[in-house]
Amino acid sequence: MRMNLIEKILAAHAGLKEVRPGQIVTASVDVALANELSGIAAIEEFRRVGATKVWNPEGIVVVPDHFTPAKDIRTAEICKKLREWVWEQEIPHYFEVGRGGIEHTVLPDEGLTLPGQLIIGGDSHTVTYGAVGAFACGVGSTDLAAAWITGEIWLKVPDSIRLVFEGRPGRHCFAKDLILFAVKNLSVEGARYKCVKYEGSAVKALHMTGRFTMCNMTAEMGGKCGYIEPDETTMEYLRSTPARDRKFAPLRDDPGTPFGETREFDVEGLEPQVSCPPSPDQVVPVSAVPKVRLDQVFIGSCTNGRIEDLRLAAEILRGRKVHPRTRLIVVPGSQRVYLQALKEGIIETFVVAGGAVSTPTCGACVGGHMGVIADGESCLSTTNRNFVGRMGHVNAKTFLANPAVAAASAVAGTIVHPDSVLTPSRVAVP
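Laid out in structure tokens, this is it:
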């Protein structure tokens, strides 16, 4: 039986020769990830069933990132309980505030996600790691606790969908635009519980930052997991991380592997895309976005907070100022990214332009802190979700776009194509 990369991983981790879509398997786990929100709930379940030791401290990764640095006493207590459990269980892969960052940026850069692995995490955007050729999916805290105890997880083998992107996108069009275009065409439920494979010339041309962005937003189509077959770009990236010292064997689809569905997208000349509220699939070209005054622009998150993302934004902002009626908040994805941005003068560019730069955190993306928006405000964000109330008040509006569009829009005070700022023109701000 011919299998795709994900089916091969599930079969190997279930001790089977082959698996097929719809089959229920019990599979061994390589990495079980938690943040402070999913982690504290998993710890409660862990203790409720009387567990005293995890199956393998090396296989657990804990990254407090959603409400860190702690925004109030309640979140401080949650983080305190989390780190006390980490110390109790002697878990080595714990990334404290100031030593880590946003989980889905930290793990790959620390060499903790490898091709062929089975990775679960108490966060829906765990699907990000499919970019290195791993099976990676989000799970609930109960399943996470069970995996901590047993080292295993039950899974239904997902059906598959292949998304093929051909052509050379237009100016200032990046991976974020490709995935927004796909979300528009499939809808937020179009890949529900499916394995999504990304391929085609436009995907092949992406560096790893773009590949992480695409796999990250598999969740916004309802996908169980997403992946890109490992190639030399993948290997070059892994050699730049601590993964270079670890053994792994990249897998590929069997030739002629059948997929449940194939969608082909012609992205030749595609212009930057913008997702309009109240759903990620409400996507239009940037030229078709209704004029809206922006109160805030946010650049960062697990979707677009890597160094290449910050470089794109800084290139637009260098020598320019943020519009006087607009706030700009920038959050590097990790301490590594922050340090590199400092070395390259990128942080200075943001500050001189009138932006505020935060320590790595998911706070703004989830409407928790460090960028919450008020009643009636509008925000353009490089994050992945814009549901009602996602970044703050239920009457606030969040638009999603790539970092270049975000930076240009911060200067213009309204949503614009980067060329509007880079070339002499007048942009009318409502």
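Sequential numbering from 53 applies to the sequence shown in the working numbering.
Glycine residues also receive a C-beta, built at the ideal position from the N, C-alpha and C atoms.
These numbers were taken from a predicted model, which means no experiment stands behind them.
Answer yes or no: do V383 and A340 have a C-beta to C-beta separation smaller than 9 angstroms?
Mapped onto the sequence shown, residue 383 falls at position 331. Mapped onto the sequence shown, residue 340 falls at position 288. Not a contact, by the Cβ cut-off of 9 angstroms.
For F439 and P329, the rounded distance between their alpha carbons:
As a first step, residue 329 must be located in the sequence shown, where it is residue number 277. As a first step, residue 439 must be located in the sequence shown, where it is residue number 387. Cα to Cα, P329 sits roughly 7 angstroms from F439.
With distance defined between alpha-carbon atoms, name the residue in P282, S253 and R214 nearest to T314.
Working through the sequence shown from its first residue, we reach residue 314 at position 262. Nearest of P282, S253 and R214 to T314, Cα basis: R214.
Alpha carbon to alpha carbon, how far is A459 from E97? Give it in angstroms, no decimals.
To locate residue 97, count along the sequence shown from 1; it is residue 45. To locate residue 459, count along the sequence shown from 1; it is residue 407. The straight-line gap from Cα to Cα measures roughly 43 angstroms.
Going straight from the alpha carbon of L68 to that of K60, what length do you get?
Mapped onto the sequence shown, residue 68 falls at position 16. Mapped onto the sequence shown, residue 60 falls at position 8. Their Cα atoms are separated by approximately 9 angstroms.
Use the C-beta contact count for T450: other C-beta atoms within 10 angstroms, 16 or more gives buried, fewer gives exposed.
Position 398 of the sequence shown, counting from 1, holds the residue named residue 450. Counting Cβ neighbours within 10 Å, T450 comes out buried, since at least 16 surround it.
Can you grab the Cα-Cα spacing for the pair P337 / G428, in whole Å?
The count along the sequence shown starts at 1 and reaches residue 337 at position 285. The count along the sequence shown starts at 1 and reaches residue 428 at position 376. C-alpha separation (whole angstroms): 24 angstroms.
Local Cβ density within 10 Å of S253, reported as buried at 16 or more and exposed below that:
Along the sequence shown, read from residue 1 onward, the residue named residue 253 stands at position 201. Burial call: exposed.
Would you mind reading off the limits of the alpha helix (DSSP H) that contains S90?
What you label residue 90 is simply residue 38 of the sequence shown in a count that begins at 1. That run of the alpha helix (DSSP H) goes E88 to R100.
Among the candidates S90, M55 and D82, whose CA atom is the shortest distance from the CA of P73?
As a working mapping, residue 73 is identified with position 21 in the sequence shown. Of the candidates S90, M55 and D82, the one whose C-alpha sits nearest the C-alpha of P73 is M55.
Quick one: is S292 buried, meaning 16 or more other Cβ sit within 10 Å of its Cβ, or exposed?
As a first step, residue 292 is located in the sequence shown; it is residue number 240 there, counting from the start. Exposed, by the Cβ-count rule.
Can you tell which of V149, L62, L303 and I172 has the C-alpha that lies nearest to the C-alpha of A84?
Here residue 84 is taken as the residue at index 32 of the sequence shown, counted from 1. Comparing Cα positions, the closest option is I172.
Just to confirm my understanding: we take A197, look at its own chain, exclude 5 residues before and 5 after, and list those with CB closer than 7 angstroms. What are they?
Taking the first residue of the sequence shown as position 1, residue 197 is located at position 145. Answer for A197: A94, E97 and F98, listed in chain order.
Cutoff 8 angstroms; reference A448; Cβ partners in own chain excluding five residues on either side:
Taking the sequence shown and counting its residues from 1, the one referred to as residue 448 is at position 396. Only I425, A426, D427, G428, E429, S430, C431 and G441 meet the Cβ criterion.
Spatial neighbours of D306 in its chain, beta-carbon cut-off 7 angstroms, leaving aside the 5 residues before and after:
Numbered from its first residue, the sequence shown carries residue 306 at position 254. Around D306: R54 and M55.
To which residues of the same chain is E241 closer than 8 angstroms at the C-beta, ignoring the five residues directly before and after it?
Start at 1 with the first residue of the sequence shown, and residue 241 comes out as number 189. Within the same chain, E241 has close Cβ partners M273 and G274.
In terms of DSSP beta bridges, what is L215 paired with?
On the sequence shown, position 163 is the one that residue 215 refers to. Paired residues: Y250 and R315.
Can you check whether the CB of G407 is closer than 9 angstroms to the CB of V457?
Start at 1 with the first residue of the sequence shown, and residue 457 comes out as number 405. Start at 1 with the first residue of the sequence shown, and residue 407 comes out as number 355. Cβ distance not < 9 angstroms, so V457 and G407 don't count as in contact.
Compute the distance between the beta-carbons of H177 and N356, then report whether it is under 9 angstroms.
Here residue 177 refers to the residue found at position 125 when the sequence shown is read from its first residue. Here residue 356 refers to the residue found at position 304 when the sequence shown is read from its first residue. Not closer than 9 angstroms, so no.
Per-residue burial, E155 [other beta carbons within 10 Å of its own, 16 or more giving buried]
Counting from 1 along the sequence shown, the entry for residue 155 is found at position 103. Buried is the call here.
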